[in-house]
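Asker: Got a structure here, written out as structure tokens. Questions coming.
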């Protein structure tokens with residue numbers, strides 16, 4: 001009886017998984033920053049034919065993390081943080097090592113900020129940028 005109930009649940013839930021499916025595709029630039037997000041939704045119509053709806057987010061619909069540029073990456077020491085729009089009054093960044101130890105924390109007061117990593121050793125670091133309620137994380141490689 002228990003096996004029958006499991007098979008019945010699988011039989012009833014499987015068609016729901018095939019009715020609508022969403023695919024999210026991310027495109028990245030050469031520096032490793034996310035450049036575009038495309039959301040594809042596939043639905044089955046009443047006539048059982050597939051209809052595809054593609055939605056490419058326009059710049060005004062993009063999240064704050066997509067309006068932030070962090071370059072050059074990899075870097076020899078200086079990293080630029082550029083905002084497409086002016087940051088919120090309490091915007092800040094946190095640079096951490098891969099094990100989570102906080103290395104540097106600073107405020108972002110203008111659309112362009114330069115971060116000095118010259119005194120840090122070679123390796124990979126995580127740069128977290130907080131601008132209001134929006135957050136973005138970037139992997140920085142120091143050569």
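Numbering (full-length UniProt numbering), first residue to last: 1 to 143. All C-beta atoms, glycine included, are put in the ideal place defined by N, C-alpha and C.
Would the segment 72-82 and the segment 96-105 be scored as touching if the rule is three or more Cβ pairs under 8 Å?
Answerer: No: the two stretches stay apart, fewer than three of their Cβ pairs being nearer than 8 Å.
Asker: Go ahead and label residue 131 buried or exposed: buried means 16 or more other beta carbons lie within 10 angstroms of its beta carbon, across all protein chains shown.
Answerer: Counting Cβ neighbours within 10 Å, residue 131 comes out buried, since at least 16 surround it.
Asker: Please return the same chain residues whose Cβ sits closer than 6 Å to the Cβ of residue 31, not counting the five positions on each side in sequence.
Answerer: These residues qualify, in order along the chain: 71, 73.
Asker: Hey, quick one: how far does the beta strand (DSSP E) through residue 106 stretch, first residue to last?
Answerer: Counting along the chain, the beta strand (DSSP E) containing residue 106 begins and ends at 102-107.
Asker: With DSSP as the reference, identify every bridge partner of residue 32, one or two as the case may be.
Answerer: In the DSSP output, where bridge partners are listed per residue, residue 32 has none listed.
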